[in-house]
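Colleague: This is the structure, below, for whatever I ask next.
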Amino acid sequence: MSDDKPQLIFGIHAVELALKAGEQVAEIWLQKDAQNKRLLNLLKLAEQSRLPLSRVSLQDLDRLVNDRHQGVVARIRGVQLKTEKDLKKQLVNWQNPLILVLDCIEDPRNLGACLRSADAAGVTAVVFSKDKSASITAVTHKTAAGAVEHLEIFQVTNLVRAIEAIKQAGVWVYGTALDETSQSIYQTDLSGPVAIVMGNEGKGLRHLVKQSCDHLIDLPMAGAVQSLNVAVATGVTLFEVVRQRSLHADTH
Numbered sequence: 001m002s003d004d005k006p007q008l009i010f011g012i013h014a015v016e017l018a019l020k021a022g023e024q025v026a027e028i029w030l031q032k033d034a035q036n037k038r039l040l041n042l043l044k045l046a047e048q049s050r051l052p053l054s055r056v057s058l059q060d061l062d063r064l065v066n067d068r069h070q071g072v073v074a075r076i077r078g079v080q081l082k083t084e085k086d087l088k089k090q091l092v093n094w095q096n097p098l099i100l101v102l103d104c105i106e107d108p109r110n111l112g113a114c115l116r117s118a119d120a121a122g123v124t125a126v127v128f129s130k131d132k133s134a135s136i137t138a139v140t141h142k143t144a145a146g147a148v149e150h151l152e153i154f155q156v157t158n159l160v161r162a163i164e165a166i167k168q169a170g171v172w173v174y175g176t177a178l179d180e181t182s183q184s185i186y187q188t189d190l191s192g193p194v195a196i197v198m199g200n201e202g203k204g205l206r207h208l209v210k211q212s213c214d215h216l217i218d219l220p221m222a223g224a225v226q227s228l229n230v231a232v233a234t235g236v237t238l239f240e241v242v243r244q245r246s247l248h249a250d251t252h
C-alpha cells in the first residue's frame, strides 16, 4: 500500500535523513540568505542529489508550512505502508520478533516519537490502525527523525484481526494498561517473541483490543502521576524488552 500524494517534510534533520535514505524527495526549498552551517551543509547535499532546488525567502517557507522549518522544506512522495495481508505473509518469516502495535494514537508527534523509539529498539515491525489514528504527516516525519524510512510499518483496517494473526504466528501479545489483572513489566518475561500494544493518549486500549491481548502489563509509578505520555511509555517498555533479551542472550 502506498500513498502517491506528495507531502511536505521540514527541518534540517528530517530533510537530510530523507535525502540520505534515498527516499522519493521530489523537490526542495531552502532559505536563500541562510548562514547556518548545518543548512549550508544540507545545501551541498541537496545540490549533489541534483533534485529541483529553489532558494526562497523565509516568508515563502513560512507560507509552505505553519511550523518550525529551520529554513528548509522538501516535497516527498507518501511513505510506503504495508497492509494486513502483507503482515500475515511476513509473520511466518520472523524469528523472535518484537512488534509494536499502536491502538489509536491520535497525535502525529506522539506517533513520530513512538516510531523513533521503535527504530532505536530494533523492532521487527510497527502495526497501527487506519481509523481513529494519526497518519504519517510532515510533523510525524520530523519527530521520528528519519525512523519512518527504516521501519516496516503496517496500516491495518482491523487491529483486533491483526492481533489475532500475530498470536496465531506464535507471538505473545502484551497490552499496556492500568488494570486489576495487569502485571508489572519488570516481573514479566518478555525475552521471547512478543508484541507490545500501546493505547490511545487519553482512553488507553479499546475494550476489544484489550480483550484480544494474551496478558496486560503496566509500568509501576512511584510518584503522584499514574501514567506516562504514550511516547515515553513506549520507549520505556520497548527498551525493557531489549534489556531482557540481552540478559537472556548472555545466559545462553
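Residue numbers (full-length UniProt numbering): 1 to 252.
Backbone N, C-alpha and C define an ideal beta-carbon position, used for all residues, glycine too.
All figures in this text were calculated on a predicted structure; none of them were measured in a lab.
(1) Reducing DSSP to helix, strand and coil, say where Gln24 ends up.
(2) So, for Thr234: in the same chain, excluding its five sequence neighbours on each side, which residues have a beta-carbon less than 6 Å away from its beta-carbon?
(3) Using DSSP with H/G/I as helix, E/B as strand and the rest coil, what is residue 310?
(4) Going straight from the alpha carbon of Ala195 to that of Leu98, what length do you get?
(5) Bridge partners of Gln187, per DSSP?
(6) Since Lys132 and Cys104 are thought to touch, with beta carbons under 8 Å apart, how far apart are those beta carbons, to the nearest angstrom?
(7) Return yes when the Cβ of Pro193 is within less than 8 Å of the Cβ of Asn96, no when it is not.
(8) Could you name the residues that DSSP lists as bridge partners for Met198?
(9) Do the CB positions of Asn110 and Ala231 come within less than 8 Å of each other?
(10) Starting from Ser176, trace the beta strand (DSSP E) in both directions and tell me its first and last residue.
(11) What number of angstroms, rounded off, separates the C-alpha of Glu201 from the C-alpha of Leu19?
(12) Please give me, in chain order, every unbroken run of the beta strand (DSSP E) with length at least 3 that falls completely inside the segment 74–123.
(13) Would you call the segment 167–181 and the segment 206–220 in contact, with 3 or more CB pairs under 8 Å?
(14) Closer than 8 Å by C-beta to Gly71: which residues in its own chain qualify, once you throw out the five before and the five after it? Chain order, please.
(15) Is Leu45 helix, strand or coil by DSSP?
(16) Report yes or no: is there a C-beta of chain C within less than 8 Å of the C-beta of His215?
(17) Can you say whether Lys85 is buried or exposed, counting buried as having 16 or more other CB atoms within 10 angstroms of its CB?
(18) According to DSSP, is Asp4 helix, strand or coil?
(19) Can you list, in chain order, the residues of its chain with a C-beta nearer than 7 Å to that of Asp107? Leave out the 5 residues immediately preceding and following it.
(20) For residue 255 and Ile163, I'd like the C-alpha separation in whole angstroms.
(21) Spatial neighbours of Glu240 within its chain, please: C-beta separation below 6 Å, excluding the five flanking residues on both sides.
(22) Since Ala138 is in the alpha helix (DSSP H), which residue starts that stretch and which ends it?
(23) Is the distance from the Cβ of Ala127 to the Cβ of Ile136 below 8 Å?
Modeller: In terms of the structure at hand:
(1) Three-state result, Gln24: coil.
(2) Excluding positions up to five away in sequence, the list reads Cys114, Ser117 and Met198.
(3) Outside the shown range of the chain (1 to 252) lies residue 310, about which nothing can therefore be said.
(4) If I take the Cα positions, the gap works out to 6 Å.
(5) Within the DSSP secondary-structure output, Gln187 pairs in no beta bridge.
(6) Going by Cβ atoms, the distance from Lys132 to Cys104 rounds to 5 Å, so yes, they are a contact pair.
(7) Yes, the Cβ-Cβ distance between Asn96 and Pro193 is below 8 Å.
(8) Bridge partners of Met198: Leu102.
(9) Between Asn110 and Ala231, the C-beta gap is smaller than 8 Å, which places the two residues in contact.
(10) Just to set this straight, residue 176 is Thr in the shown sequence, not Ser. Run containing Thr176: Trp172 to Thr176, per the beta strand (DSSP E) assignment.
(11) Distance between the alpha carbons of Glu201 and Leu19 is about 32 Å.
(12) You should have 98–102.
(13) They touch, by the three-pair rule.
(14) Counting only Cβ-Cβ distances below 8 Å, and skipping sequence neighbours, we find Ile12, Leu30, Gln31, Ala34, Asn36, Leu39, Leu58 and Leu61.
(15) The answer is helix: DSSP assigns Leu45 an H, G or I state.
(16) The displayed structure is made up of one protein chain only, and chain C is not part of it.
(17) When all chains shown are included, Lys85 counts as exposed.
(18) Caution is warranted here: a pLDDT of 44 is assigned to Asp4, below 50, making its placement in the model unreliable, and the coordinate value is therefore given only provisionally. Note: Asp4 maps to coil in three-state DSSP.
(19) Cβ within range, chain order: Ala134 and Glu201.
(20) The structure shown has nothing for residue 255, since the chain only spans 1 to 252.
(21) Taken in chain order, the residues that qualify are Ile185.
(22) Ala138 -> alpha helix (DSSP H) spans Ala138 to Ala144.
(23) Rather than Ala, the amino acid found at residue 127 in this sequence is Val. No, they are not a contact pair.
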